[in-house]
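Undergrad: One structure, as structure tokens, below. Some questions next.
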Amino acid sequence: MRLLVLRELGGRAEAPLWTPQEIAQRFSYLNDTKLATILGRLREGDLLVYDSDGGVYQLSEGARVALAALATVVDFSGDDVELGYLASQVAAGQAVGQVSDEALKHLLARLNELYAEFEEALESQSEFRIRAAQHRLEAVWRWVAKSTEVVKSLTQDDTLSLTVLNQAQAIALAQSRMLALAGTFERRLAQLAAQRVHLGNSGLTSTDIADWLRRQGAAMLAGKLAGGWSICPEPAFLSTPELADVAEFELLARERAKAGAHVLPGGEAAPLADAPEMERLLEAEEMYDLLLELGMSGKATPTSARRCWPAATTKPPTGCPCCR
Numbered sequence: 001m002r003l004l005v006l007r008e009l010g011g012r013a014e015a016p017l018w019t020p021q022e023i024a025q026r027f028s029y030l031n032d033t034k035l036a037t038i039l040g041r042l043r044e045g046d047l048l049v050y051d052s053d054g055g056v057y058q059l060s061e062g063a064r065v066a067l068a069a070l071a072t073v074v075d076f077s078g079d080d081v082e083l084g085y086l087a088s089q090v091a092a093g094q095a096v097g098q099v100s101d102e103a104l105k106h107l108l109a110r111l112n113e114l115y116a117e118f119e120e121a122l123e124s125q126s127e128f129r130i131r132a133a134q135h136r137l138e139a140v141w142r143w144v145a146k147s148t149e150v151v152k153s154l155t156q157d158d159t160l161s162l163t164v165l166n167q168a169q170a171i172a173l174a175q176s177r178m179l180a181l182a183g184t185f186e187r188r189l190a191q192l193a194a195q196r197v198h199l200g201n202s203g204l205t206s207t208d209i210a211d212w213l214r215r216q217g218a219a220m221l222a223g224k225l226a227g228g229w230s231i232c233p234e235p236a237f238l239s240t241p242e243l244a245d246v247a248e249f250e251l252l253a254r255e256r257a258k259a260g261a262h263v264l265p266g267g268e269a270a271p272l273a274d275a276p277e278m279e280r281l282l283e284a285e286e287m288y289d290l291l292l293e294l295g296m297s298g299k300a301t302p303t304s305a306r307r308c309w310p311a312a313t314t315k316p317p318t319g320c321p322c323c324r
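With the first letter of the sequence shown counted as 1, position 119 gets the number 119 in full-length UniProt numbering; the numbers rise by one all the way through.
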């Protein structure tokens with residue numbers, strides 16, 4: 001009631017001064033005692049000033065500021081418009097040269113909250129949550145665009161403090177991250193659309209069934225489930241192919257996995273071995289020694305006394321040109 005009376009008193013711009021008779025006539029639907037109590041509370045809060053000389057009431061400067069702020073809040077009432085209100089506060093401060101660091105912090109915090117909500121919707125892999133987040137991003141996008149213009153003007157102002165400029169740059173970064181989400185939503189929805197299951201030739205998909213179930217009431221769903229489930233667990237017998245697959249794994253695959261698990265042998269030192277023996281060419285060595293002796297003596301041996309075969313051989317080889 002105090003707020004109602006205060007707004008009514010402040011809404012008459014052409015005649016801001018009120019006499020007690022005018023107030024009583026304007027609020028004739030209120031009890032006189034309650035009206036007097038409300039006026040007294042407003043005077044105690046320095047929102048209403050009484051001029052004893054003129055015998056009139058008028059709103060204080062603080063009351064005018066409070067009503068203006070309240071009018072802005074009411075104008076931005078609705079879903080997803082709090083971002084617009086915060087952007088308007090920053091824009092108003094920038095217009096008069098008094099940018100509030102607290103207003104920038106609130107705007108940055110709201111942008112980060114929205115980004116976290118959109119990112120959580122993408123990670124949920126739920127088509128319904130992603131579509132809802134996409135519609136919400138489109139709803140707040142005009143306020144993001146407005147705040148982008150405000151932040152751009154702030155970054156070009158050289159008279160602002162370093163703290164305000166840092167806040168403005170952080171807001172610009174948060175806005176660019178939200179801009180990148182627009183394409184991410186489209187790609188994720190395209191991936192989910194490719195994973196839809198089509199129910200025969202009916203034209204329905206699994207998404208249509210899920211959407212229909214989400215729009216039904218709890219009572220209807222409970223009626224559909226009547227007789228289809230029970231509190232006590234009931235045994236379910238699988239068909240023959242599933243039983244065969246399980247038996248094959250238990251009898252063959254598991255044993256095959258056990259047999260294939262071998263332990264590598266431990267390390268052992270390599271056995272010691274002598275150097276390999278080389279084959280000696282005895283006849284070639286003897287001929288080499290003979291030629292070496294002949295070369296050192298410097299004497300020519302008569303042809304009849306020369307031998308072209310080793311001394312250990314008593315019979316010349318067949319076809320020797322020296323023994324013809």
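Built from N, CA and C at the ideal position, the CB exists for glycine as well.
Grab me the residues of Ser153's own chain with a C-beta within less than 7 Å of its C-beta, minus the 5 sequence neighbours each way, in chain order.
TA: Gln94
Undergrad: Between the Cα of Ala133 and the Cα atoms of Leu181, Ala69 and Thr163, which residue gives the shortest distance?
TA: Leu181
Undergrad: Near Ser202, what residues of its chain come up, given a Cβ to Cβ distance below 6 Å and the 5 sequence neighbours on each side ignored?
TA: none
Undergrad: What separation, rounded to the nearest whole angstrom, lies between the Cα atoms of residue 357 and Met220?
TA: Residue 357 cannot be examined here, being either before or after the span of the chain that is shown, 1 to 324.
Undergrad: For the alpha helix (DSSP H) containing Asp157, list its first residue and its last residue.
TA: From DSSP, Asp157 is part of no alpha helix (DSSP H); its letter is neither H nor E.
Undergrad: Just mark Thr301 as buried or exposed, buried being the case when its beta carbon has 16 or more other beta carbons within 10 Å.
TA: Note on Thr301: pLDDT 48, under 50, position unreliable in the model; the coordinate value appears next. So Thr301 counts as exposed.
Undergrad: In the DSSP output, which residue or residues are listed as bridge partners for His198?
TA: Thr205
Undergrad: Using C-beta distances below 8 Å, list every residue in its chain close to Thr205, excluding the 5 sequence neighbours before and after it, in chain order.
TA: So the list reads Arg196, Val197, His198 and Leu199, once near-sequence residues are dropped.
Undergrad: Out of Leu48, Leu108 and Gln216, which has the shortest C-alpha to C-alpha gap to Val164?
TA: Leu108
Undergrad: Could you tell me the alpha carbon to alpha carbon distance between Glu8 and Ser100, rounded to whole angstroms?
TA: Rounded to whole angstroms, the separation of the alpha carbons of Ser100 and Glu8 is 30 Å.
Undergrad: Drop a sphere of 10 angstroms on the beta-carbon of Ile209, count the other beta-carbons inside from all chains shown, and report buried for 16 or more, exposed for fewer.
TA: So Ile209 ends up on the exposed side.
Undergrad: Could you work out which residue in Asp53, Gly54, Gly55 and Arg43 is closest to Glu61 when comparing CA atoms only?
TA: Arg43
Undergrad: Among Thr37, Leu67 and Leu282, which residue has its Cα nearest to the Cα of Leu6?
TA: Per the Cα distances, Leu67.
Undergrad: Which residue from Ala194, Arg64, Leu291 and Ser88 puts its Cα closest to that of Leu104?
TA: Ser88
Undergrad: On the CB-based measure, 16 or more other CB atoms within 10 Å of its CB, does Val246 come out buried or exposed?
TA: exposed
Undergrad: Put residue 327 into one of helix, strand or coil per three-state DSSP.
TA: It is not possible to answer for residue 327, since the shown part of the chain is limited to 1 through 324.
Undergrad: Specify the secondary structure class of Gln58 as computed by DSSP and reduced to three states.
TA: strand
Undergrad: Return the first residue and the last residue of the alpha helix (DSSP H) that Leu272 is part of.
TA: Careful: Leu272 lies outside any alpha helix (DSSP H) and carries neither H nor E.
Undergrad: Within 10 Å of its beta-carbon, does Leu162 have 16 or more other beta-carbons around it, so buried, or fewer, so exposed?
TA: Per the 10 Å Cβ criterion, exposed.
Undergrad: Can you find the residues in the same chain that come closer than 7 Å, C-beta to C-beta, to Arg110, ignoring five residues on each side of it along the sequence?
TA: Contacts found: Glu82, Leu83 and Leu86.
Undergrad: Would you identify the three-state DSSP class for Val99, choosing helix, strand or coil?
TA: coil
Undergrad: Using the C-alpha atoms, what's the distance from Glu283 back to Ala270?
TA: 38 Å
Undergrad: Helix, strand or coil for Val81, going by three-state DSSP, please let me know.
TA: coil
Undergrad: State the DSSP-derived secondary structure class of Leu251, mapped to helix, strand or coil.
TA: helix
Undergrad: Among Arg64, Leu17, Gln216 and Ala170, whose alpha-carbon lies nearest the alpha-carbon of Gly54?
TA: The residue with the shortest Cα to Cα distance from Gly54 is Leu17.
Undergrad: How about Leu122 and Arg188: do their beta carbons lie closer than 8 Å?
TA: Yes; because the gap between Cβ atoms is below 8 Å, this pair is in contact.
Undergrad: Taking the beta strand (DSSP E) that Leu48 belongs to, which residues open and close that run?
TA: Leu48 to Asp51
Undergrad: Taking the alpha-carbon positions, what's the Gly267 to Leu292 distance?
TA: 53 Å
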